[in-house]
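*Asks:* In the working numbering, each residue's number is its place in the sequence shown (first place is 1) plus 30.
Positions of the beta carbon are idealized from the N, C-alpha and C atoms, including for glycine.
Since the model is a prediction, treat every value here as computed from it, not as a measurement.
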Amino acid sequence: MDLALAAVSAAECAWEGIRFAHEAGIPVTAGVLFGAVVGATLVLRRRWPIAVVLVGIAVAPAEMGFLLSVAGMYSLASSEVPRRIIAALASMSLVATFVVMYLKTRGDVEADPALVVALSGFVAVALTVPPMLLGLYIGARRRLMESLQERADSLERELSLLADRAEERAEWARTEERTRIAREMHDVVAHRVSLMVVHAAALEAVVTKDPARAAKNAALVGDMGRQALTELREMLGVLRAAPPKPAAAAAAVAAVVPVGPVALVGGADEGPSLEELEALVGQSRAAGMAVEMVVQGEGAAYAAEVEQTAYRVVQEALTNCHKHAPGARVVVRLAHREGEVAMQVENGPCEGQADGVGLPSGGNGLVGMRERVLGLGGVFVSGPTDAGGFRVSAVLPVT
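1. Should A107 and M162 be called a contact, given that it needs their Cβ atoms to be closer than 7 angstroms?
2. My guess is that L396 and P427 are in contact by the Cβ rule of under 8 angstroms, so how many angstroms apart are they, rounded?
3. DSSP beta-bridge partners for H366?
4. Can you confirm whether the stretch 116-128 touches the stretch 186-195 when touching is taken to mean that 3 or more C-beta pairs between the two stretches lie within less than 8 angstroms?
5. Between which two residues does the alpha helix (DSSP H) containing S39 stretch?
6. Short check: CB of M254 to CB of L225, under 7 angstroms?
7. Please state the DSSP three-state secondary structure of G329.
8. For S105 versus R75, is the C-beta distance shorter than 7 angstroms?
9. Would F152 be called buried (16 or more neighbouring beta carbons within 10 Å of its own) or exposed?
10. Quick check on DSSP: helix, strand or coil for E197?
11. Go ahead and pull the three-state DSSP assignment for V361.
12. Of the choices L364, G47, G318 and A117, whose alpha-carbon is the least far from that of S303?
13. Starting from V73, trace the alpha helix (DSSP H) both ways and give me its first and last residue.
14. Please classify E214 as buried or exposed, where buried requires at least 16 other C-beta atoms within 10 Å of its C-beta.
15. Could you check the C-alpha separation between V73 and L33 for me, to the nearest Å?
16. Kindly list the residues whose CB is nearer than 7 angstroms to the CB of A316, restricted to its own chain and excluding five residues on each side of it in sequence; keep chain order.
17. Pull the bridge partners of G413 from the DSSP assignment, please.
18. Compute the beta-carbon to beta-carbon distance between L155 and L174, rounded to the nearest angstrom, for a pair I have assumed lies under 8 angstroms.
19. For my contact list, E110 and G69 are in at a C-beta cut-off of 8 angstroms; report their separation, rounded to the angstrom.
20. Ignore the nearest five residues each way along the sequence and tell me which others in P336's own chain have a CB closer than 6 angstroms to its CB.
21. By the DSSP assignment, the alpha helix (DSSP H) with S105 in it spans what residues?
22. Using 10 angstroms around the beta-carbon of V452, count the other beta-carbons present and answer buried if the total reaches 16, otherwise exposed.
23. Looking at A37: is its Cβ nearer than 7 angstroms to the Cβ of V62?
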């Protein structure tokens, strides 16, 4: 398009150069060549619009370059040139056109001077103002479209980033939920089944010597099995529940709040509480373990996740005592303090076989307890004691 406009402008100026050559008294060939060169400068209107307008103003006295002046003014107004420069060049072009038209009209026709001035002003405005206004409009529209396109690209990048982050958070939430379920399954199965194995071993030892005690141990094994099945059914019922609606699922993902190494997804499932610790300790006593429970401070109603975590820590610690310290004396301490609740399970030196009654160990008990406690912003410490036993301590904030 630029080449076509430049060719038309060169042809126009070359044609007008013939008349200019006659009036200036120069060879026609020179006038035509001069006009063609002047008109061809329009090809530079996009790169150097100021130069094109200046050329149009310069050849205005020669009465050539109509297309050059109009297209040049349009290109100047639509470019990124500062507005003050555009206004100055437009004023120069307007004045030059007015002067040329005034001189030509006054010499060609005999008319009222006021009419000549009005006619010259009208032609000057008609050749300068419309292309300038059109150029300003096109330039503003182009800049607006570029701005909108840039904003759309920016929004698209932000949406892509948000989608990636949402996918990462969803994957993180799924991983944390799988870890939480695995931890719950471990706590439920490990403790109940460990007690069942202990009672089964005792049952095997006394079945022929003390039928009454054997019957009692068999009843305890049955109770433990039923309790384990009940808890497993409750957990499986949660897993088999209908999936949440998309909005609820999105809210659930948004509710994932990292609190330390492990986060709680949504709220904690309803589970055991601190009130059931006595029954838990009683089960270990029934399995033959010497367990002492010490409670300090006044108990209070804590959040469900706090009570469940405290219960699971004590439960897993007692399970480890059954596995690794059979016959050892165990002390369970529970302290209610201002703003926190603390629990500690400590066993003395092992007085039985080192491996208990052959209970397997996956090595995940202490890891799971630590994850639970740290997930609530608490403190967890475990390790051997100077007396040759083992101690598990945890402190959970309740506010």
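*Replies:* By the coordinates alone:
1. Taking 7 angstroms as the Cβ cut-off, A107 and M162 qualify as a contacting pair.
2. In fact, because the Cβ distance is near 21 angstroms, the residues do not count as touching under 8 angstroms.
3. According to DSSP, residue pairing for H366 in a beta bridge involves V371.
4. Using a C-beta cut-off of 8 angstroms, the stretch 186-195 makes no contact with the stretch 116-128, since fewer than three inter-stretch Cβ pairs fall below that distance.
5. Under the DSSP assignment, S39 falls in the alpha helix (DSSP H) whose first and last residues are D32 to A54.
6. Yes, Cβ-Cβ distance for M254 and L225 is below 7 angstroms.
7. G329: coil per DSSP, three-state reduction.
8. It is a contact, given that the beta carbons lie within the stated cut-off.
9. F152 is exposed by the Cβ-count criterion.
10. If DSSP states are grouped into helix, strand and coil, E197 belongs with the helices.
11. Reduced to three states, the DSSP call for V361 is strand.
12. Comparing Cα positions, the closest option is L364.
13. Note, V73: premise wrong, no alpha helix (DSSP H); not H, not E.
14. The residue in question, E214, is buried, as its Cβ has 16 or more Cβ neighbours within 10 Å.
15. Taking the straight line from one Cα to the other gives about 6 angstroms.
16. Only L250 meet the Cβ criterion.
17. DSSP output for G413 lists R421 as bridge partner(s).
18. Position check: residue 155 holds Val in this sequence, whereas Leu was assumed. The pair is not a contact, with the Cβ atoms about 27 angstroms apart (cut-off 8 angstroms).
19. Actually they do not touch by this definition, with Cβ atoms about 25 angstroms apart.
20. According to the sequence displayed, residue 336 carries Val and not Pro. In chain order, L426 and V428 place their CB closer than 6 angstroms to the CB of V336, counting only its own chain and leaving out the 5 sequence neighbours on each side.
21. Note, S105: alpha helix (DSSP H), F96 to A107.
22. Shown here, the chain extends from 31 to 429; a query on residue 452 therefore has no answer.
23. No; because the gap between Cβ atoms is not below 7 angstroms, this pair is not in contact.
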